[in-house]
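Engineer:
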Amino acid sequence: DACTMIASTSCNANATCATTTTTFRRRAAGKSHARGVVLARASSASTAADASALYPRRELAQVSAKKVAAAPVAKPSVPSAQIAVGSAVAIAAAALAIKASKSSTIGGASKQKRIVIAGAPASGKGTQCEMIVKKFGLTHISAGDLLRAAVAAGTDAGKKAKEYMDRGDLVPNEVVVTMVKDRLAQPDCAKGWLLDGYPRSEEQAEALIESGIDPDLFLLLDVPDEILIDRVVGRRLDPVDGTIYHMTFFPPPTPEIAARLTQRSDDTEEKAANRLAVHHKNVDAVVGKYESIMKNVDGNRAKQDVFKDIERLIKAM
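So the sequence shown is numbered by the numbering used here: it starts at 914 and just counts up by one.
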């Protein structure tokens, strides 16, 4: 019985201990859960507090940005003296620009070089015209070329002109003046022109003046008559490229070219003498019309030397 009581007592004690242990565990778990809930609520409240605190900062940042954008940009302060100097410089520059523009306009008109070159047949006008055109870019107009083109085309004016040309006489004004005026009215003459071998008489000069065609420079090539006749008689034309050769002074480079050369119908000694007489008869009258712009050039020299004098005269215009 004593043993039974001891065992029973022991079992009761163990049961009590187990019950007590279980109770403590449940209480601890409850407390731990309560703490977790409290901590979770505290964390949530903290997050909400942080968020509510953040939004006012963003709004303040946006307002601050608007104020910065709306604020006027401060301009650097410039002393009034510097402003006055700058204005004066600007006004002076504008005045110079206007003056340069006017000078350019006036200069453009004066730079339009209008030149007449004259001389007896074979005085070297054609050669000098080529060099002038190459140097200054002028439009070359030869009255003789206009007439010969009309003759080659067989026009009524060309047929009439041929009769005079074959005799070495001057072609009547009514035939030539219209050709020259029409050619000078072409657009390529607006930049400047070089009129070759025209006018050759007082009547032709008057016809040009009446038409409003006024050159700025009149070049007259001077060559002795005997030299001129030698030049005329030995002159030959290449019908392929228009080159003018001289059988003594400037012979063709190959036999092939020499074989195709032609001689103008008025390039004989007799007709050359007649043309020279007509030239001398009329040149004084032409010189009288253009005396103020007339320049004599010695044409009895090498072509390069002649051109140096012509170039100097044109540049001085």
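Quick reminder that beta carbons are idealized off the backbone N, C-alpha and C, glycines included.
The structure displayed is predicted, hence computed values, not measured ones.
1) So if DSSP puts A1063 in a beta bridge, which residue, or which two residues, is it bridged to?
2) Taking all protein chains shown into account, decide if M1230 is buried (16 or more other Cβ within 10 angstroms of its Cβ) or exposed.
3) What are the start and end residues of the alpha helix (DSSP H) that includes F1131?
4) Does the distance from the CB of L1051 to the CB of G1105 come in under 8 Å?
5) Could you spell out the range, first to last residue, of the alpha helix (DSSP H) harbouring V1191?
6) Which of the three DSSP states is assigned to D1211 in this structure?
7) Buried or exposed: S1055, going by 16 or more other Cβ atoms within 10 Å of its Cβ?
8) Note down the Cα distance separating A1186 from L1083, rounded to an integer number of angstroms.
9) Could you tell me which whole alpha helix (DSSP H) segments of length 4 or greater appear in the stretch 1024 to 1051?
10) Going by Cα to Cα distance, which pick from K1202, G1147, L1133 is closest to E1139?
11) Extract the residue ranges of the alpha helix (DSSP H) inside the stretch 1075 to 1100, only unbroken runs of 4 or more that lie entirely within it.
12) When the Cα of E1224 is compared with those of T1068, G1212, K1048, P1137, which residue comes out closest?
13) Where G1037 and M1044 are concerned, what is the direct C-alpha to C-alpha distance, given to the nearest angstrom?
14) Locate the beta strand (DSSP E) running through R1148, then write down its first and last residues.
15) Based on Cα-Cα distance, which residue from L1130, G1125, L1141 lies nearest to L1189?
16) What residues in its chain sit with their C-beta under 6 Å from that of E1183, if we drop five residues either side in the sequence?
17) Can you tell me which residues form a DSSP beta bridge with G1105?
18) To which residues of the same chain is A1118 closer than 8 Å at the C-beta, ignoring the five residues directly before and after it?
19) Should G1081 be flagged as near chain B, meaning a C-beta pair shorter than 8 Å?
20) Sorted by chain position, which residues of the same chain lie with C-beta nearer than 6 Å to V1136's C-beta, five sequence neighbours on each side aside?
21) Considering only residues of the same chain and omitting the five flanking positions on each side of C1042, which have a CB-CB separation below 8 Å?
22) Over the uninterrupted alpha helix (DSSP H) stretch that includes I1223, give me the two end residues.
23) Here's the rule: buried if 16 or more other CB atoms are within 10 angstroms of the residue's CB, otherwise exposed. What is D1218?
24) When you compare only the Cα positions, how much space is there between P1166 and G1039?
25) Here's a check: name, in chain order, each residue in its chain whose Cβ is nearer than 6 Å to the Cβ of D1079, leaving out the five neighbours to either side.
26) If the criterion is Cβ atoms closer than 8 Å, does the pair P1316 and I1206 meet it?
Structural biologist: The short version:
1) Partner(s): none; A1063 has no beta bridge.
2) exposed
3) Looking at the DSSP string, F1131 is not in any alpha helix (DSSP H); the run it does join, the beta strand (DSSP E), is 1130 to 1135.
4) Closer than 8 Å, so yes.
5) 1182 to 1202
6) strand
7) buried
8) C-alpha separation (whole angstroms): 14 Å.
9) 1038 to 1049
10) G1147
11) Correct list: 1086 to 1097.
12) Of the candidates T1068, G1212, K1048, P1137, the residue whose Cα lies closest to the Cα of E1224 is K1048.
13) Cα to Cα, G1037 sits roughly 11 Å from M1044.
14) First-last of the beta strand (DSSP E) with R1148: 1148 to 1150.
15) L1141
16) none
17) K1026
18) If we look at A1118 and ignore the five residues flanking it on each side, its Cβ neighbours are P1112, A1198, V1199, K1202, Y1203.
19) In the structure shown, chain B cannot be found, because there is only a single protein chain.
20) The answer, listed in chain order, is S1036, G1212, N1213.
21) I1030, H1053, S1055, L1107, D1109
22) 1216 to 1228
23) exposed
24) 19 Å
25) S1178
26) Limits of the chain in this structure are 914 at one end and 1230 at the other, which puts residue 1316 out of reach.
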